[in-house]
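Worksheet: the structure to be examined is printed underneath.
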Amino acid sequence: QFNNNQSSSSLLNLRLRQSHPSILIDSLLPSPLLASFGNGRLAAIFLCGLSLPSRPRAPTVPTPQKVCEFQNSPQLAMEFYEWVREKNSGLSSLESCCTLIHVLVKSRRFDDALTLLGNLMSIGSYSPLDVLDELVSSYRICNSSVAVFDALVRACTQVGATEGAYEVIKKLQVVGFWVSVHAWNNFLNHLLRLNDTARFWKMYKEMVSCGYIENVNTYNLVINAVCKECELQQALMVFYQTLKKGIWPNVVTFNLMVDGACKIADMDLAVKLVRKMEIMSEGCAKPNAVTFNNLINGFCKIGRVKVAEEIWKEMEMSGIEPNERTYATLIDGYSRVGSLEEALRLCDEMVERGLVPDSVIYNSIIHGLYMGGDTQRASLLFSDMLDKRIQADDFTFSIVTEGLCRSGYLTEAFKFHRKVLDGNLIRDNFSHNILINYLCRSNNITAAKQLLACMFVRGLAPDIVTFGTLIDGHFKGGKIENAIQVYDTMIKADQKPNLIIYNSILNGLCKFGLMDAAGLLMEVLRSTGSLDVVTYNTLINGCCSSGKIDEAFALSTEMKIAGISASMVTYNTLINLLCKFGCVQVARELMKTMVLRGMVPDHITYTTLITNFRKNCSTEEVIELHDQMVLERVFPDEQTYEAIVRPLIEEESRDS
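Per UniProt numbering, residue 1 is the first one in the sequence shown, and the count goes up by one each step.
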């Protein structure tokens, strides 16, 4: 029985029950039990309306109506959900969860709602349409809003349910609900993240045909799509279209166009967009860190790292602090052009500013050191990375493996690879493919096959790069049948050959004089439209080796009609063919055509022409050609100079 104090306390609790029901539970629950229950358990008792047990028991699932009663206390509802999930090692009923989602969306707790929706589709294995049906069913009970359907579309894109997101949008239209333009924007953005631009355009047209009015975010997505297709002029047209409609661009709009300009190396336009951003947007947009990072990245990609650093200084003068990405981009830029001391300087400066270099930055410098042949410093930097507990990734291991192979340390590369394998640190084929490539280069096909078997043992299936490397290795080793067997295995494994592999096969067939087979393969490639300059160069070279001068020049004409520009290799191959047949003057004219088209002859062009002029022309003509090429800043290699040019110059000096 209660004494007077207890009775008074009980009455007070009863008076407070309506406004603070949790106080009643806290005061009546024995303190040891209260301590063991915690907030989630209190929420469960409160929401379920359970009588107080003498000992804790598993929770029962509340009815949707009970959940709806506490729309003003979404935190309690969420705590209860977490508790039930913990106790039952799973989710509550779909009905209760969807009611809770309505409560969370109404109280603008969108992140919690998205988490719950994602769990229903991933952990609970409900389809998006199952969830939608229940949300529609409980929509009016909870007095909800269409924002809950927007949340479902977003959750679908977050868990990768592309078709589910579209099905939700379409079914809602059938039952009389329409998602907002924000849901459509989210779906369209998801398609762009998947690089599915073809479907993006189809869905965008459908959205507009349904009467939706685009906002600035929609137009940003359209600009992003055309920039992905490298159609920058179209992006600018869309930009001006938004201005005509009275929709003012934001900084994202400009960042997308700046990035698009950088991707096609139109740095003048990129700089103009940054400089005139505030004027063009009438003050609605100002450059931010992303803007400058895009511009810096653009200059680094074309090797103009000094200009990129000037942009960085301008960024600081604008009051925008460089971040980890700014430094990572510049460091990678300097590493790629071989300015490793500059890269290390920036790395030190970054640390002084309190920024921590990550694996991306270490990867850039380590790669640069290996490319420069500084294996010792690269290894020391890799050790430093591990000492500082910076997580090495698959890319790091690939860089170290290739760096050791490139420097001639193939044994050390295998030891390193074995150590990484023993630590279960490799999750993909990169390192295996690198080692197989170098084994094939050294004509050690047997070891390459053993490494391939090792991949299978570890559950790694060979990919297109693995197959391509083996095919090329077999052809170079003269084992045509083995190369074809690997090709057949690749087809059976549902791996579609790419143009690199077809070019490798074409090269192998030409190398062994199998021109009929090469011609048949060329017909297949023509029918698919899969041809590039390497394809044509390979077959032209094969025709030259077989003495088929007419076919070689016919291919060069076909190449021009197809809109594929001849490369240095194309011209050198044709010049060599003409010289073989004694047409040295025609070969010289072809070199002039090459120069007119903006191509500078290289030492191969020089050696081919000088050698054949020496055989077929007078000393004066050879020296004249030599002088002409020197004026074009084309110089012979040391061997050619000593064997041909120097004796001619000495001979002319004696005669004079």
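Just so it is clear, CB atoms sit at the ideal spot from N, CA and C, and this is done for glycine as well.
Predicted, not measured: the structure shown is a model, and the values here were computed from it.
Under the DSSP assignment, Gly319 falls outside any alpha helix (DSSP H); it carries neither an H nor an E label. Scanning Tyr212, Thr197, Ile247 for the CA closest to the CA of Cys227 turns up Thr197. DSSP, read as helix, strand or coil, puts Glu231 in coil. The straight-line gap separating the alpha-carbon atoms of Gly373 and Ser407 is approximately 6 angstroms. Here the C-alpha atom of Met371 lies approximately 7 angstroms from the C-alpha atom of Gly403. In this structure, DSSP gives Gln391 a state outside helix and strand, which the three-state scheme calls coil. Listed in chain order, the alpha helix (DSSP H) elements of length 4 or more contained wholly in the region 515 to 574 are 515 to 528, 533 to 545, 549 to 561. The region 378 to 385 makes no contact with the region 416 to 436, as fewer than three CB pairs between them are under 8 angstroms.
Taken in chain order, the unbroken stretches of alpha helix (DSSP H) that lie wholly in the region 337 to 393 and span 4 residues or more are 340 to 352, 359 to 371, 375 to 387. DSSP places Asp494 outside both helix and strand once states are collapsed to three, so it counts as coil. Counting along the chain, Glu214 sits inside no alpha helix (DSSP H), nor does DSSP assign it H or E at all. For the pair Ile604 and Leu578, the Cα-to-Cα distance works out to about 14 angstroms. A straight-line Cα-Cα distance of about 27 angstroms links Gly508 and Cys454.
Taking C-beta atoms under 8 angstroms as the contact rule, Arg154 and Leu114 qualify, at a distance of about 6 angstroms. Excluding sequence positions up to five before and after Glu621, its CB lies within less than 7 angstroms of the CB of Phe613, all in the same chain and listed in chain order. When the beta-carbon positions are compared, Val105 and Ala161 stay at least 9 angstroms from each other. Bounds of the alpha helix (DSSP H) holding Ala113 are 110 to 122. Sequence-distant partners of Leu129 (beyond 5 residues in either direction) whose C-beta falls short of 8 angstroms from its own C-beta, in its chain, are Gly164, Glu167, Val168, Lys171. Collapsing the DSSP output to three states places Ser504 in a helix.
Contact between Leu221 and Asn189 holds, with the beta-carbon distance rounding to 6 angstroms and staying under 8 angstroms.
Lys276 is not a Cβ neighbour of Val251, given a cutoff of 9 angstroms.
Here Cys156 has Pro128, Gly164, Ala165 as same chain residues with Cβ atoms under 6 angstroms from its own Cβ, once five neighbours each way along the sequence are excluded.
Pairing Ala518 with Val457, the inter-Cα distance amounts to about 36 angstroms. Here Glu229 has Thr197 as same chain residues with Cβ atoms under 8 angstroms from its own Cβ, once five neighbours each way along the sequence are excluded. Check the Cα spacing between Lys580 and each of Leu531, Ile302, Asn541: the tightest is with Asn541. Membership of Arg140 in any alpha helix (DSSP H) is not indicated, and neither H nor E is assigned to it by DSSP. Nearest neighbour of Ile331 by Cα position, chosen from Glu352, Met203, Ser364, Gln241, turns out to be Ser364. Excluding sequence positions up to five before and after Asp463, its CB lies within less than 8 angstroms of the CB of Asn429, Asn433, Gln495, all in the same chain and listed in chain order.
With fewer than 16 other Cβ atoms inside 10 Å of its own Cβ, Ile279 counts as exposed. Each residue's CA atom was taken as its position, placing Tyr571 and Val534 some 13 angstroms apart. For Phe581, the three-state secondary structure derived from DSSP is coil.
Comparing C-alpha distances from Thr538 to each of Met522, Ser122, Trp184, Ser527 shows the shortest one belongs to Met522.
Within the same chain, Asn433 come within 6 angstroms of Val465 by CB-CB distance, once the 5 residues on both sides are set aside.
In this structure, Lys476 keeps its C-beta atom at 9 angstroms or more from the C-beta atom of Asn437.
Between the beta-carbon of Cys510 and that of Leu470 there is about 19 angstroms, and that puts the pair past the 8 angstroms contact cut.
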